[in-house]
Amino acid sequence: MNCKQFRESLDCYVDGELAAAASAAVDAHRQACPTCNRAVAQVLEMRNAVRQAVRATTPPPDLEARVKVGTTPRWLASIGVARRRGLSRPAVALAALVLGLFVVAAERPPVRVDAANAMDRLGLRLNDSTAVVLEGTVLCRDCELERRYGVKSSCKQIGHHGAIFTDDGRILNLVEQRASARLIHDETLFGKRVIVHGRLFRGARALVIDSYQLEG
Amino acid sequence: MRARTRFQTLALPHLAAIYRLARQMAGPDRADDLTQETFLRAWTYFGQFDPQTNCRAWLCRILHNTWISQWRKTRLELPVADIDDARTEPWYDWERERTDGDLSTDMQWALGELPEAYRWAVLLADVEELTYQEIAATMECPIGTVMSRISRGRRQLARLLRERRGAERPPSIRMVARER
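Chains as they are written, first to last, in my numbering: chain H, 594 to 809; chain L, 6 to 185.
Structure representation (C-alpha cells):
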C-alpha cells in the first residue's frame with residue numbers, strides 16, 4: 594500500500610469499515626510511514642472534537658415529559674391529570690372501573706353481513722336530508738381537530754378546509770359546490786359568524802348549502 | 006399498553022441523541038419541535054420496528070425523513086455536487102496543537118457551515134457512531150455516497166476550522182446560498 598491508497602481508505606479505516614485484510618494492509622503502512630500514522634491521529638482527533646461539541650448540548654428538562662404525553666393514549670393521560678389534580682387513588686380506580694364496565698358493555702358480538710346491510714339501508718332512509726337554517730362559525734375543520742384532539746393536519750401542505758362549527762358543539766362538513774366554495778376555501782372567512790340555509794345530511798354530518806349570510 | 010412500555014424502554018432512552026442531532030440540523034429554536042415530531046412518528050410506526058435492529062438508527066432515519074419533509078424546505082442550499090471541490094484539499098491539515106482554547110464553539114460554527122448532506126453524514130458517523138450501512142439506510146443513498154460525504158465533510162470541517170482559528174476571518178465561500 595502506498596500513501597495515496599492509504600489516504601483513500603483513511604476514513605473507512607478509522608470508522609472500522611474496512612475488511613480485515615485491507616485493515617491489516619493499512620496497519621502495515623502506518624508502521625512504515627510516520628506522516629500517514631499522524632493522519633490517523635488527526636482524523637481521530639477531529640472525530641472526538643465533533644463528538645465533544647455536539648454532545649455538550651442536552652435536551653430541555655421537560656422535553657421527555659412532552660414526548661411522553663404525545664405517545665400516551667388520551668384516556669390514560671387523563672388519569673394522570675386526575676392524579677395530579679389531587680384526586681385520590683381510590684377515586685381514580687373507581688373511575689377506571691366504571692370506564693372499564695362501559696368498554697365491556699360496548700364489546701358486542703359482531704353483526705352479520707346481511708343484517709348490517711339492512712341496518713345501513715334503514716339508516717340511510719332515516720338520515721334523509723332536512724331543510725335547515727343554522728348559525729355557526731366558519732373554521733378550518735382539520736386545524737380545529739388538531740387543536741382539540743391532536744389530530745395531525747396537513748393544512749400547511751394541502752391548504753385549509755372550512756367547515757361550520759355550531760354553538761352546540763357540532764362540526765358540519767360542507768359539500769363542495771359553487772355556493773359553498775368560498776366558505777370552504779377562503780381562509781379570510783375563518784372565525785366569522787355565518788347563517789346558512791341548506792339541507793343537512795345528519796348521517797354524514799354534511800351540509801349542502803343553498804345560500805349563506807356572513808355576520809359582522 | 007405493552008407496546009407503550011416497550012416504546013419507552015427501547016426508544017425513549019435515545020431522546021438526548023435525537024435532540025442533539027435535531028439541534029444541529031434545525032437549529033436550537035426548532036430542535037424541540039423536530040424531536041417531538043420524530044418521536045410522535047416513531048410511536049405511530051412503532052409496530053414496524055424490528056427489535057433485532059438498532060433502535061437509534063431507526064429513530065435517526067425517522068428524524069431524517071421528518072426533517073426532509075418539514076424542515077429542510079425553509080432553507081435553500083446548493084446541492085453538494087455543485088460545490089467547488091477544488092477548494093477542499095485531499096488531506097487533513099489540522100492539528101490539535103494549533104487549536105488551543107475552547108474548540109467547541111468554533112466546531113459548532115463549522116458544523117453549521119457544512120453543507121447539510123455532509124453534516125448529516127459526519128454527525129451520524131462521528132457522534133451517533135452508526136455503521137456506513139445504517140447511515141446509507143438513514144440517508145437513503147448508496148454506501149459509496151456515504152463514504153465520500155463523510156470524508157469530504159471531515160476535510161471541509163478541518164479547512165473551516167483552520168481558516169477560522171488561523172486567519173481569524175470567515176471563509177471566502179459560504180456554502181449556504183441564502184436564507185429565504
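Glycine included, every Cβ here is placed at the ideal spot set by N, Cα and C. Predicted, not measured: the structure shown is a model, and the values here were computed from it.
Next item on the list: Could you have a look at residue 616 of chain H and say whether DSSP puts it in helix, strand or coil?
Entry: Position 23 of the first sequence holds residue 616 of chain H. In the structure shown, residue 616 of chain H sits in a helix (DSSP, three-state: H, G or I).
Next item on the list: Can you check DSSP and say which residues form a bridge with residue 728 of chain H?
Entry: Residue mapping note: residue 728 of chain H aligns to position 135 of the first sequence, counting from 1. Answer is H:788, bridged to residue 728 of chain H.
Margin query: Rounding to the nearest angstrom, what Cα-Cα distance links residue 628 of chain H and residue 602 of chain H in this structure?
Written below: Counted from its first residue, the first sequence places residue 628 of chain H at position 35. Counted from its first residue, the first sequence places residue 602 of chain H at position 9. One C-alpha to the other measures close to 15 Å.
Notebook entry, point to check: From this set, L:25, L:9, L:130, which residue's C-alpha is nearest residue 153 of chain L's C-alpha?
Noted result: Counting from one through the second sequence, the residue named residue 153 of chain L turns up at place 148. When only C-alpha atoms are compared, the closest one is L:130.
Check: Does the region 757 to 768 of chain H come close enough to the region 726 to 736 of chain H to have 3 or more Cβ pairs within less than 8 Å?
Finding: yes
Margin query: Alpha carbons only, please: which of L:45, L:138, L:145 is nearest the one belonging to residue 23 of chain L?
Written below: Locating residue 23 of chain L in the second sequence gives position 18, where the first residue counts as 1. The shortest Cα separation from residue 23 of chain L among L:45, L:138, L:145 belongs to L:45.
Notebook entry, point to check: Three-state secondary structure (DSSP) at residue 803 of chain H?
Noted result: As a first step, residue 803 of chain H must be located in the first sequence, where it is residue number 210. If DSSP states are grouped into helix, strand and coil, residue 803 of chain H belongs with the strands.
Next item on the list: Taking C-beta pairs closer than 8 Å, name the residues in chain L that residue 656 of chain H reaches, listed in chain order.
Entry: Here residue 656 of chain H refers to the residue found at position 63 when the first sequence is read from its first residue. Residues of chain L passing the Cβ test: 20, 24, 37, 40, 41.
Check: Whose C-beta lies closer than 6 Å to the C-beta of residue 725 of chain H among residues of the same chain, with five residues either side of it excluded?
Finding: Looking up residue 725 of chain H in the first sequence gives position 132. Same-chain partners within the cutoff: 793.
Next item on the list: Find the residues of chain H that neighbour residue 73 of chain L, judging by a C-beta separation of less than 7 Å, and give them in chain order.
Entry: Here residue 73 of chain L is taken as the residue at index 68 of the second sequence, counted from 1. Correct list: empty, because the minimum Cβ distance to chain H is about 13 Å.
Margin query: For the region 627 to 653 of chain H, list every residue whose C-beta sits within 7 Å of some C-beta in chain L, in sequence order.
Written below: 632, 635, 636, 638, 639, 640, 642, 643, 644, 645, 646, 647, 648, 649, 650, 651, 652, 653
Check: residue 649 of chain H by DSSP, collapsed to three states: which one?
Finding: As a position in the first sequence, residue 649 of chain H is number 56, starting the count at 1. Coil at residue 649 of chain H, not helix or strand.
Next item on the list: Would you mind telling me which residues of chain H sit closer than 9 Å to residue 57 of chain L, beta carbon to beta carbon, in chain order?
Entry: Residue 57 of chain L sits at position 52 when you count from the first residue of the second sequence. Those do not exist, as residue 57 of chain L stays about 21 Å from chain H at its closest Cβ, beyond 9 Å.
Notebook entry, point to check: Given that residue 735 of chain H touches chain L, what residues does it touch there, using C-beta distances under 7 Å?
Noted result: Position 142 of the first sequence, counting from 1, holds the residue named residue 735 of chain H. Ordered by position in chain L, no residue passes the 7 Å Cβ test against residue 735 of chain H, which lies about 16 Å from the chain.
Notebook entry, point to check: Quick one: is residue 561 of chain H buried, meaning 16 or more other Cβ sit within 10 Å of its Cβ, or exposed?
Noted result: Outside the displayed span of chain H (594 to 809) sits residue 561 of chain H, for which this structure offers no information.
Check: Exposed or buried, what is residue 807 of chain H when buried is set at 16 or more other beta-carbons lying within 10 Å of its beta-carbon?
Finding: Position 214 of the first sequence, counted from the start, is the residue given in the question as residue 807 of chain H. That one is exposed.
Checklist line | Interface residues of the region 605 to 629 of chain H facing chain L [CB-CB below 7 Å] | finding: 605, 608, 610
Notebook entry, point to check: From the DSSP output, which residues share a beta bridge with residue 794 of chain H?
Noted result: Walking along the first sequence from the start, residue 794 of chain H turns up at place 201. H:799.
Item checked: Top-ranked residue by Cα proximity to residue 65 of chain L, from L:40, L:55, L:49 -> Taking the second sequence and counting its residues from 1, one reaches residue 65 of chain L at position 60. The candidate whose alpha carbon is nearest that of residue 65 of chain L is L:40.
Next item on the list: Check residue 809 of chain H in the structure and name its three-state DSSP category.
Entry: Along the first sequence, read from residue 1 onward, the residue named residue 809 of chain H stands at position 216. The answer is coil: DSSP assigns residue 809 of chain H none of H, G, I, E or B.
Next item on the list: Identify which residue in L:141, L:118, L:120, L:14 has its Cα closest to the Cα of residue 62 of chain L.
Entry: For the purposes of this step, residue 62 of chain L is taken as the residue at position 57 of the second sequence. Taking only the C-alpha atoms, the option nearest residue 62 of chain L is L:141.
Checklist line | Own chain residues within Cβ distance below 7 Å of residue 3 of chain L, not counting five before or after | finding: Chain L is shown from 6 up to 185; residue 3 of chain L falls before or after that span and cannot be answered.
Next item on the list: Please state whether DSSP places residue 8 of chain L in a helix, a strand or coil.
Entry: Counting from 1 along the second sequence, the entry for residue 8 of chain L is found at position 3. Three-state DSSP puts residue 8 of chain L in a helix.
Notebook entry, point to check: Given a threshold of 16 other Cβ atoms within 10 Å of its Cβ, counted over all protein chains shown, does residue 159 of chain L qualify as buried or as exposed?
Noted result: Locating residue 159 of chain L in the second sequence gives position 154, counting from the first residue. Label assigned to residue 159 of chain L: buried.
Checklist line | residue 121 of chain L versus residue 161 of chain L - alpha carbon distance | finding: The residue you call residue 121 of chain L lines up with position 116 of the second sequence. The residue you call residue 161 of chain L lines up with position 156 of the second sequence. In a straight line, the C-alpha of residue 121 of chain L is about 12 Å away from that of residue 161 of chain L.
Checklist line | Cβ neighbour criterion (16 or more within 10 Å) applied to residue 10 of chain L | finding: As a first step, residue 10 of chain L is located in the second sequence; it is residue number 5 there, counting from the start. Under this definition residue 10 of chain L is an exposed residue.
Notebook entry, point to check: Count the other CB atoms within 10 Å of the CB of residue 751 of chain H; is the residue buried (16 or more) or exposed (fewer)?
Noted result: Counted from its first residue, the first sequence places residue 751 of chain H at position 158. Classification for residue 751 of chain H: exposed.
Notebook entry, point to check: When DSSP labels each residue in this structure, what does residue 146 of chain L get in the three-state scheme?
Noted result: Locating residue 146 of chain L in the second sequence gives position 141, counting from the first residue. DSSP places residue 146 of chain L in coil when its eight states are reduced to three.
Note to self: Please determine whether the Cβ atom of residue 608 of chain H lies at a distance below 8 Å from any heavy atom of the ligand ADP.
What the structure shows: Judged by which ligands are present, the structure shown has none, so any question about the ligand ADP falls away.
Check: residue 22 of chain L lies in the alpha helix (DSSP H); which residues open and close that run?
Finding: For the purposes of this step, residue 22 of chain L is taken as residue 17 along the second sequence, with counting starting at 1. Segment 20 to 31, the alpha helix (DSSP H) holding residue 22 of chain L.
Notebook entry, point to check: Under a three-way DSSP split, which group does residue 664 of chain H fall into?
Noted result: Against the first sequence, residue 664 of chain H aligns to sequence position 71. In the structure shown, residue 664 of chain H sits in coil (DSSP, three-state: anything other than H, G, I, E or B).
Notebook entry, point to check: Are residue 156 of chain L and residue 620 of chain H close, meaning C-beta to C-beta below 9 Å?
Noted result: As a first step, residue 156 of chain L must be located in the second sequence, where it is residue number 151. As a first step, residue 620 of chain H must be located in the first sequence, where it is residue number 27. Cβ atoms of residue 156 of chain L and residue 620 of chain H: not closer than 9 Å.
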